[in-house]
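Residue numbers (the UniProt record's numbering): 1 to 160. C-beta atoms are modelled at their ideal positions from N, C-alpha and C, and glycine is treated no differently. Reading through the C-alpha coordinates given below for one structure.
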Amino acid sequence: MQKVFSITNWMIKITKWTGLLTITLMMFFIAAGVILRQLGSPLLGNIEIVRLMMVIIITCSLSYCESQRAHIAVELFVEKFPKKVQKIIMFMSNLMSLFVIMTIAIVYYNVAFSSAINSGRTTDSYGIPFYPFEVIVAVGFTAWFVQIVVMMFTNNRNEV
(Lines of atoms letter the chains of each structure in order from A; the text may use other names.)
(Lines give C-alpha, C1' and ligand atoms only; values in the text may rest on other atoms or scores of the structure.)
Protein backbone atom coordinates (compact mmCIF):
# COMPACT_ATOMS: atom_id res chain seq x y z
CA MET A 1 0.00 0.00 0.00
CA GLN A 2 2.94 2.30 0.63
CA LYS A 3 3.82 1.95 -3.06
CA VAL A 4 0.39 3.30 -4.03
CA PHE A 5 0.87 6.29 -1.70
CA SER A 6 4.30 7.06 -3.15
CA ILE A 7 2.99 6.82 -6.73
CA THR A 8 0.09 9.11 -5.83
CA ASN A 9 2.44 11.63 -4.23
CA TRP A 10 4.65 11.48 -7.30
CA MET A 11 1.63 12.11 -9.57
CA ILE A 12 0.60 15.09 -7.45
CA LYS A 13 4.11 16.56 -7.54
CA ILE A 14 4.26 16.21 -11.33
CA THR A 15 0.85 17.82 -11.86
CA LYS A 16 1.55 20.55 -9.31
CA TRP A 17 4.86 21.55 -10.89
CA THR A 18 3.39 21.33 -14.39
CA GLY A 19 0.63 23.71 -13.34
CA LEU A 20 3.09 26.08 -11.63
CA LEU A 21 5.42 26.12 -14.63
CA THR A 22 2.50 26.71 -16.99
CA ILE A 23 1.09 29.58 -14.95
CA THR A 24 4.53 31.19 -14.90
CA LEU A 25 4.88 30.82 -18.66
CA MET A 26 1.36 32.17 -19.11
CA MET A 27 2.22 35.23 -17.04
CA PHE A 28 5.23 36.01 -19.24
CA PHE A 29 3.27 35.26 -22.40
CA ILE A 30 0.45 37.62 -21.42
CA ALA A 31 2.93 40.32 -20.43
CA ALA A 32 4.75 39.95 -23.75
CA GLY A 33 1.43 40.13 -25.59
CA VAL A 34 0.44 43.34 -23.82
CA ILE A 35 3.83 44.96 -24.38
CA LEU A 36 3.96 43.97 -28.05
CA ARG A 37 0.39 45.19 -28.57
CA GLN A 38 1.37 48.58 -27.14
CA LEU A 39 4.36 48.65 -29.49
CA GLY A 40 2.03 48.05 -32.44
CA SER A 41 3.05 44.45 -33.13
CA PRO A 42 0.54 42.16 -31.37
CA LEU A 43 1.15 38.45 -30.90
CA LEU A 44 -1.09 36.46 -33.21
CA GLY A 45 -3.00 33.71 -31.47
CA ASN A 46 -2.23 35.08 -28.02
CA ILE A 47 -5.71 34.30 -26.70
CA GLU A 48 -5.75 30.72 -27.98
CA ILE A 49 -2.35 29.96 -26.43
CA VAL A 50 -3.51 31.40 -23.09
CA ARG A 51 -6.67 29.27 -23.29
CA LEU A 52 -4.62 26.13 -23.84
CA MET A 53 -2.40 27.07 -20.91
CA MET A 54 -5.49 27.55 -18.72
CA VAL A 55 -6.58 24.00 -19.54
CA ILE A 56 -3.23 22.73 -18.28
CA ILE A 57 -3.30 24.88 -15.14
CA ILE A 58 -6.83 23.93 -14.13
CA THR A 59 -6.59 20.19 -14.72
CA CYS A 60 -3.15 19.93 -13.16
CA SER A 61 -4.33 21.66 -9.99
CA LEU A 62 -7.28 19.37 -9.24
CA SER A 63 -5.42 16.51 -7.55
CA TYR A 64 -3.14 18.91 -5.67
CA CYS A 65 -6.17 20.80 -4.32
CA GLU A 66 -7.67 17.50 -3.22
CA SER A 67 -4.46 16.50 -1.44
CA GLN A 68 -4.54 19.82 0.45
CA ARG A 69 -8.28 19.48 1.15
CA ALA A 70 -8.73 22.82 -0.62
CA HIS A 71 -11.87 21.96 -2.58
CA ILE A 72 -15.15 23.53 -1.62
CA ALA A 73 -17.00 21.40 0.91
CA VAL A 74 -20.38 21.61 2.60
CA GLU A 75 -18.95 21.30 6.09
CA LEU A 76 -21.18 24.00 7.55
CA PHE A 77 -24.22 21.86 6.79
CA VAL A 78 -22.63 18.48 7.55
CA GLU A 79 -21.14 19.55 10.91
CA LYS A 80 -24.65 19.74 12.39
CA PHE A 81 -25.07 15.96 12.11
CA PRO A 82 -23.65 13.27 14.40
CA LYS A 83 -20.20 11.87 13.47
CA LYS A 84 -21.63 8.65 12.06
CA VAL A 85 -23.99 10.54 9.73
CA GLN A 86 -21.12 12.85 8.73
CA LYS A 87 -19.03 9.84 7.71
CA ILE A 88 -21.89 8.42 5.65
CA ILE A 89 -22.50 11.75 3.91
CA MET A 90 -18.79 12.20 3.16
CA PHE A 91 -18.52 8.63 1.87
CA MET A 92 -21.52 9.08 -0.43
CA SER A 93 -20.19 12.45 -1.58
CA ASN A 94 -16.82 10.88 -2.38
CA LEU A 95 -18.48 8.02 -4.28
CA MET A 96 -20.47 10.46 -6.39
CA SER A 97 -17.33 12.50 -7.01
CA LEU A 98 -15.43 9.39 -8.05
CA PHE A 99 -18.17 8.42 -10.49
CA VAL A 100 -18.31 11.87 -12.11
CA ILE A 101 -14.53 12.32 -12.20
CA MET A 102 -13.84 8.92 -13.74
CA THR A 103 -16.62 9.44 -16.29
CA ILE A 104 -15.02 12.72 -17.35
CA ALA A 105 -11.58 11.10 -17.52
CA ILE A 106 -12.84 8.20 -19.66
CA VAL A 107 -14.68 10.56 -22.00
CA TYR A 108 -11.57 12.69 -22.44
CA TYR A 109 -9.33 9.66 -23.06
CA ASN A 110 -11.78 8.54 -25.76
CA VAL A 111 -12.00 12.03 -27.27
CA ALA A 112 -8.22 12.44 -27.23
CA PHE A 113 -7.47 9.09 -28.87
CA SER A 114 -10.23 9.55 -31.43
CA SER A 115 -8.96 13.05 -32.18
CA ALA A 116 -5.36 11.83 -32.50
CA ILE A 117 -6.29 9.00 -34.85
CA ASN A 118 -8.64 11.07 -37.01
CA SER A 119 -6.44 14.18 -37.17
CA GLY A 120 -8.98 16.04 -35.07
CA ARG A 121 -9.54 19.66 -34.28
CA THR A 122 -6.77 22.23 -34.10
CA THR A 123 -6.44 25.83 -32.99
CA ASP A 124 -7.30 28.47 -35.55
CA SER A 125 -4.13 30.57 -35.62
CA TYR A 126 -1.33 28.06 -35.15
CA GLY A 127 -3.00 24.76 -35.99
CA ILE A 128 -2.02 23.22 -32.64
CA PRO A 129 -3.89 19.92 -32.24
CA PHE A 130 -6.22 19.67 -29.27
CA TYR A 131 -5.59 16.00 -28.47
CA PRO A 132 -2.47 16.52 -26.29
CA PHE A 133 -4.49 18.90 -24.14
CA GLU A 134 -7.39 16.45 -24.05
CA VAL A 135 -4.95 13.82 -22.76
CA ILE A 136 -3.76 16.31 -20.11
CA VAL A 137 -7.38 16.81 -19.02
CA ALA A 138 -7.86 13.04 -18.78
CA VAL A 139 -4.64 12.56 -16.83
CA GLY A 140 -5.54 15.43 -14.49
CA PHE A 141 -8.93 13.92 -13.74
CA THR A 142 -7.37 10.48 -13.29
CA ALA A 143 -4.88 11.89 -10.78
CA TRP A 144 -7.78 13.56 -8.96
CA PHE A 145 -9.67 10.24 -8.91
CA VAL A 146 -6.66 8.41 -7.47
CA GLN A 147 -6.15 11.12 -4.86
CA ILE A 148 -9.75 10.84 -3.65
CA VAL A 149 -9.42 7.05 -3.38
CA VAL A 150 -6.21 7.43 -1.37
CA MET A 151 -7.78 10.08 0.87
CA MET A 152 -10.81 7.85 1.48
CA PHE A 153 -8.57 4.93 2.38
CA THR A 154 -6.28 6.93 4.66
CA ASN A 155 -9.23 8.60 6.41
CA ASN A 156 -10.80 5.21 7.12
CA ARG A 157 -7.50 3.79 8.40
CA ASN A 158 -6.90 6.78 10.66
CA GLU A 159 -10.36 6.50 12.19
CA VAL A 160 -10.07 2.78 13.00
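Let me know the secondary structure DSSP gives proline 82 once reduced to three states. The residue labelled residue 82 in the question sits at position 82 within the sequence shown. Three-state DSSP puts proline 82 in coil, outside helix and strand.
Which value, in whole angstroms, describes the spacing of the CA atoms of valine 78 and valine 139? Mapped onto the sequence shown, residue 78 falls at position 78. Mapped onto the sequence shown, residue 139 falls at position 139. The straight-line gap from Cα to Cα measures roughly 31 Å.
Determine the direct distance from the alpha carbon of alanine 70 to that of asparagine 155, and round the result to whole angstroms. What you label residue 155 is simply residue 155 of the sequence shown in a count that begins at 1. What you label residue 70 is simply residue 70 of the sequence shown in a count that begins at 1. If you draw a straight line from the Cα of asparagine 155 to the Cα of alanine 70, it is about 16 Å long.
Do you know how far the Cα of leucine 21 is from the Cα of alanine 143? Locating residue 143 in the sequence shown gives position 143, counting from the first residue. Locating residue 21 in the sequence shown gives position 21, counting from the first residue. The alpha-carbon atoms of alanine 143 and leucine 21 are separated by roughly 18 Å.
Looking at the structure shown, is proline 129 part of a helix, part of a strand, or coil, going by DSSP? In the sequence shown, counting from the first residue as 1, residue 129 sits at position 129. DSSP places proline 129 in strand when its eight states are reduced to three.
What does the Cβ neighbour count give for alanine 105, buried or exposed, with the cut at 16 atoms within 10 Å? Mapped onto the sequence shown, residue 105 falls at position 105. Alanine 105 comes out buried.
DSSP state of threonine 123 mapped onto helix, strand, coil: Locating residue 123 in the sequence shown gives position 123, counting from the first residue. Threonine 123: coil per DSSP, three-state reduction.
May I have the straight-line CA-CA distance separating isoleucine 30 from methionine 53, to the nearest angstrom? Here residue 30 refers to the residue found at position 30 when the sequence shown is read from its first residue. Here residue 53 refers to the residue found at position 53 when the sequence shown is read from its first residue. About 11 Å.
Using a Cβ-Cβ cut-off of 8 Å (strictly less than) and excluding sequence neighbours within five positions of valine 4, which residues of its own chain qualify? Numbered from its first residue, the sequence shown carries residue 4 at position 4. So the list reads Val150, once near-sequence residues are dropped.
Distance between lysine 80 and leucine 44 (C-alpha atoms, nearest Å): Indexing the sequence shown from 1 puts residue 44 at position 44. Indexing the sequence shown from 1 puts residue 80 at position 80. Taking the straight line from one Cα to the other gives about 54 Å.
Indicate whether threonine 59 and valine 111 have their beta-carbon atoms separated by less than 8 Å. For this step, residue 59 is matched to residue 59 along the sequence shown. For this step, residue 111 is matched to residue 111 along the sequence shown. Annotated as distal: threonine 59 and valine 111, with beta-carbon spacing of 8 Å or more.
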